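Heads up: the sequence shown is residues 15 to 328, going by my numbering. Written out below as structure tokens is the structure these notes cover.
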Amino acid sequence: MKKTLIAAGVTALMSTTAMAENIGVSMALFDDNFLTVLRNGMIEMADGMEGVDLQVEDAQNDVAKQLDQVNNFIASGVDAIIVNPVDTSATQALTDAAASAGVPLVFVNRQPINVDTLPDNQAFVASNEVDSGTLETIEVCRLFAEAGKTEASVYVMMGELSNQAAVQRTADIHDVIAAGKCAVTLNILDEQTANWSRDQAQTLMTNWLSTGAEFDGVIANNDEMAIGAIQALKAAGVSMDDVVVAGIDATQDALLAMAAGDLDATVFQDAAGQGAGSLDAALKLARGESVEQKVYIPFQLVTPANIGDYTSKN
Numbered sequence: 015m016k017k018t019l020i021a022a023g024v025t026a027l028m029s030t031t032a033m034a035e036n037i038g039v040s041m042a043l044f045d046d047n048f049l050t051v052l053r054n055g056m057i058e059m060a061d062g063m064e065g066v067d068l069q070v071e072d073a074q075n076d077v078a079k080q081l082d083q084v085n086n087f088i089a090s091g092v093d094a095i096i097v098n099p100v101d102t103s104a105t106q107a108l109t110d111a112a113a114s115a116g117v118p119l120v121f122v123n124r125q126p127i128n129v130d131t132l133p134d135n136q137a138f139v140a141s142n143e144v145d146s147g148t149l150e151t152i153e154v155c156r157l158f159a160e161a162g163k164t165e166a167s168v169y170v171m172m173g174e175l176s177n178q179a180a181v182q183r184t185a186d187i188h189d190v191i192a193a194g195k196c197a198v199t200l201n202i203l204d205e206q207t208a209n210w211s212r213d214q215a216q217t218l219m220t221n222w223l224s225t226g227a228e229f230d231g232v233i234a235n236n237d238e239m240a241i242g243a244i245q246a247l248k249a250a251g252v253s254m255d256d257v258v259v260a261g262i263d264a265t266q267d268a269l270l271a272m273a274a275g276d277l278d279a280t281v282f283q284d285a286a287g288q289g290a291g292s293l294d295a296a297l298k299l300a301r302g303e304s305v306e307q308k309v310y311i312p313f314q315l316v317t318p319a320n321i322g323d324y325t326s327k328n
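If you want it as structure tokens, here you go:
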């Protein structure tokens with residue numbers, strides 16, 4: 015039976031003591047601030063457990079490389095595998111490889127396309143992306159209304175289009191508008207991918223600025239792109255008091271940008287909690303224990319008013 019657990023935090027996930035196990039971990043990309051925090055969450059949890067050994071590999075955003083890593087983990091006899099997918103539309107092959115070998119598999123952070131048909135010894139640990147973009151967009155709308163606007167125009171920066179989180183976070187923006195949840199009339203001038211990248215976002219924002227179109231804000235699928243947009247805006251002499259910029263993840267760099275008055279909103283995604291939760295699920299599956307197949311760690315809106323609650327998290 016497929017079940018969904020809305021977790022209040024990671025404490026409950028870490029309640030059991032693991033026996034000696036070897037866990038293979040394939041991360042989509044090491045060179046990513048958020049995923050680094052997630053990876054460290056697993057490592058720190060494992061370091062506090064006797065007999066838990068992690069073999070962590072970097073897939074370098076290569077789908078074929080990630081499948082090879084999973085197959086190598088299986089061949090080496092690991093007790094369970096954790097995967098942060100490179101491409102969420104290509105996860106069936108990973109599921110099939112692990113299932114054929116009878117090795118438990120846990121997907122973390124990025125929702126696999128086959129999430130609703132996972133075998134009993136596989137699970138998914140993340141945060142519900144329907145909440146992320148929704149919280150972000152509603153807050154952007156509130157800020158526009160607070161500034162006295164009745165209508166506003168924004169640019170939307172999307173993550174990698176092969177990634178479920180990017181697709182859902184962008185859909186959330188449109189859904190908020192369509193459902194009448196925005197406090198102002200919100201117009202999207204353009205939406206393009208910057209592939210989660212700060213550098214690509216800076217280039218994209220520079221290109222948008224070159225058109226001369228009037229706009230009121232930027233809604234980015236993650237903090238790295240929001241920061242890239244801010245860098246381009248400041249380089250062009252745009253006052254950050256005149257635009258609203260929002261992201262998702264509440265990374266340390268994002269919180270610094272918020273403290274400086276540049277970033278207006280972000281959404282806390284508990285990276286370390288997801289990492290620890292995925293390891294806990296993998297260890298339980300390795301021992302043949304029952305695990306909820308969808309474990310959701312809640313998103314939380316972060317603004318200048320409550321930033322102090324998050325400065326020591328991601």
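Even for Gly, the Cβ is constructed at its ideal location relative to N, Cα and C. Being a predicted model, the structure only gives us computed values, none of them experimental.
Fewer than three pairs of CB atoms, one per stretch, sit closer than 8 Å, so the stretch 271–280 makes no contact with the stretch 297–310. Closest in alpha carbon position to threonine 280, among Asn85, Pro318 and Ser40, is Pro318. The alpha helix (DSSP H) runs of length 4 or more contained entirely in the stretch 45–119 are, from start to end of the chain, 47–61, 77–90 and 106–115. A residue is called buried when at least 16 other Cβ atoms come within 10 angstroms of its Cβ; glutamine 106 does not meet this threshold and is exposed. Under the three-pair Cβ rule at 8 Å, the stretch 225–245 counts as touching the stretch 146–160. Here glutamine 182 is near valine 144, since their CB atoms are less than 8 Å apart.
Alanine 296 sits in a helix when the DSSP states are folded into three classes. Pairing leucine 43 with asparagine 86, the inter-Cα distance amounts to about 18 Å.
In the three-state scheme derived from DSSP, where H, G and I count as helix and E and B as strand, isoleucine 311 is classed as coil. C-alpha of serine 167 to C-alpha of leucine 203: approximately 6 Å in a straight line. Apart from the 5 residues on each side of it in sequence, alanine 113 sits with its Cβ closer than 6 Å to the Cβ of Pro133 in its chain, given in chain order. A distance below 6 Å between beta-carbons, with the five flanking residues on each side excluded, links asparagine 36 to the following residues of its chain, in chain order: Asp67, Val92 and Asp93. If you check the CB distance, aspartate 186 and serine 146 come in under 8 Å. In the three-state scheme derived from DSSP, where H, G and I count as helix and E and B as strand, glutamate 150 is classed as helix. The residues Met172, in chain order, have a CB closer than 6 Å to that of threonine 184 in the same chain once the five nearest residues on each side in sequence are set aside. Closest in alpha carbon position to phenylalanine 282, among Ser253, Gly322, Leu293 and Ala295, is Gly322. From the listed residues Arg53, Leu200, Asp255 and Gly287, the smallest Cα separation to valine 309 is found for Gly287. Put simply, the backbone Cα of alanine 193 is about 30 Å away from that of phenylalanine 48. The stretch 251–307 is shown to contain whole beta strand (DSSP E) runs of 3 or more residues at 258–260 and 280–282, in chain order. One Cα belongs to glutamine 80, the other to leucine 270, and the distance between them is close to 33 Å. With distances taken between CA atoms, tyrosine 324 lies nearest to Thr265 out of Thr265, Gly65, Asp46 and Val117. Linking methionine 41 to lysine 163 through their CA atoms gives a straight-line distance of about 43 Å.
Taking every protein chain shown into account, the CB of glutamate 160 has fewer than 16 other CB atoms within 10 angstroms, so this residue is exposed.
Under the DSSP definition of a beta bridge, aspartate 204 partners with Tyr169. Distances from the CA of lysine 327 to each of Ala295, Asp263 and Ile88 were compared; the closest alpha carbon is that of Asp263. A direct Cα-to-Cα measurement between arginine 124 and valine 100 gives close to 9 Å. In this structure, the alpha-carbon of alanine 215 lies about 43 Å from that of glutamate 64. A Cβ-Cβ separation of about 4 Å places methionine 56 in contact with glycine 289 under the 8 Å criterion. The Cβ neighbour count for glycine 291, taken over all protein chains shown within 10 Å, is at least 16; the residue is labelled buried.
Taking all protein chains shown into account, glutamine 74 has fewer than 16 neighbouring C-beta atoms within 10 Å of its C-beta and is therefore exposed. For isoleucine 191, the enclosing alpha helix (DSSP H) stretches over residues 178–192.
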